[in-house]
Amino acid sequence: MKWWRWAICCILAISHGTALAQSNALITVGLTDFQQAPTVRCRVAEGSYRWLVRENDAFTELGALTKTGEIKKANGGWEMHAGGANRISPYFILKPDHAEAKIKLISETTGYRQYRGAVHFYWHANEWHIALETPMESYVPGVVVSEIGKGHAEAMYEAHAIVSRTYALHTSGRHRLAGYDVCDQVHCQVFAGLSTVNDTIEAACDATRSLVLVDRLGRPVVAAFHSNCGGATRSSEAVWQTANPNLVTVEDHYCQAGAHAAWTQSVGGEQWRIWQETSDSTERFDIATRHWFKLPSARFNAVDLGDTVTIHGMGFGHGVGMCQEGAMQRARQGTSAWMILNTYYTDIRLRPLQEVTTLESNASSDR
Ligand SMILES: [Zn+2]
Ligand SMILES: [Zn+2]
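Each number in the working numbering comes from the position in the sequence shown (counting from 1) with 39 added on.
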């Protein structure tokens, strides 16, 4: 077995499937932004970390990370500089000595981000990869703050923590070939680490610890969400051509004053008319139009002005599942997390993660 196949199998065995079904579940996240950088600097933020390097089919310890370590892309692997040492290998790991330890990664383009867990730097399928192997309960607060920021009511954070934890089960496996479960971009869920997580978010995630949404057969719900539904959510069937009893249309007026409630976009008049005459899609016209013109949402009115067509739209995102801005407003007015979830998802139940089997990813990644 080639060394990298062995290594990838190790990461996946640790993080996917079996581990996700345990209370101390781990998830492996591809750190896409850092992967683009030629050099990544590493500094301990809390506790202590050790370098491991893969040599002769085994990982060998290289000692503690002290001061600022540096790891660069090299031919067919990574070049690591730490404590005066300089090593080249296809695979390095920064491993925490304790579950609470935190590492700070820094690059010129991304700035710095803090993470809990082990960081894997590896060369695989002719590409450099950086993957964070982190507890699910450290991933969730990072996703929640990246997705909705600070300043919301506690119920909103509780609802989003449950949604993000559940959605992670659904997206897990999308990046299996690269060696991780999920990426840290909007394709899976945005995850920019823990630097901006505050006590309110931490407490809300903790209050919902390990809880996920399941359907009547105990399977994880496809906990889709979007910024603003524009007045009513859409069914899974309308957007993805896959009927889902948990994702049906729901009227929602709570998002009307949200930051993404309305938008305007112009397209060329000629371009618009050709599209209208020739569009031959299995999708509904509004949804196909959204994709074709890259509109923020599929809820709009078009005003034909001859040379240009002005499109006045409502909402932002695909419109399926939880409307974040509607949920924020409901939470602000005192609605509980469970009532919010029951508004946007139909026929749901709460279960601890360890009692739930994971699903293969199959829905659209479109947000
Ligand atoms: Zn992804
Ligand atoms: Zn809404």
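The beta carbon of each residue, even a glycine, is placed where N, CA and C say it ideally should be.
Looking at the DSSP output, Q153 bridges to K143. Judged by DSSP secondary structure, L208 falls outside any beta strand (DSSP E) and instead within the alpha helix (DSSP H) spanning E193 to T210.
The DSSP assignment places 275 to 279 and 308 to 317 as complete runs of the alpha helix (DSSP H) inside the stretch 251 to 321, in order along the chain (cut-off: 4 residues). Of the residues assessed, T303 falls on the exposed side of the cut-off, its CB having fewer than 16 other CB atoms within 10 angstroms. As DSSP reads the structure, E166 sits in a beta bridge with H163.
Taking the CA atoms as reference points, V287 sits about 17 Å from R258. Remark: three or more beta-carbon pairs, one from each stretch, lie closer than 8 Å, so the stretch 362 to 374 and the stretch 185 to 202 are flagged as touching. A distance below 9 Å separates the beta carbons of W90 and L104. With a cut-off of 8 Å, the C-beta of T385 is classified as distant from ligand 2, since no heavy atom of the ligand falls inside that distance. Under the DSSP assignment, N125 falls in the beta strand (DSSP E) whose first and last residues are A124 to S128. For E100, the enclosing beta strand (DSSP E) stretches over residues A97 to A103.
F160 and G354 have their C-alpha atoms spaced approximately 39 Å apart. By the Cβ-count criterion, M378 is exposed, with fewer than 16 other Cβ atoms from all chains shown falling within 10 Å of its own Cβ.
In terms of Cβ geometry, A170 and V68 form a close pair [threshold 9 Å]. Taking a C-beta distance under 9 Å as the contact criterion, S336 and G360 do not qualify as a contact pair. Between ligand 1 and the CB of T210, the shortest heavy atom gap is smaller than 8 Å.
Comparing alpha carbon positions, the residue from E394, N237 and H214 closest to Q228 is H214. In the three-state scheme derived from DSSP, where H, G and I count as helix and E and B as strand, R323 is classed as coil. Every residue with a CB closer than 7 Å to a heavy atom of ligand 2 is listed here in chain order: N267, C268, G269, G270, T272, D291, Y293, C294, G354, C362, E364 and G365. The beta carbon of R215 sits no closer than 8 Å to any heavy atom of ligand 1.
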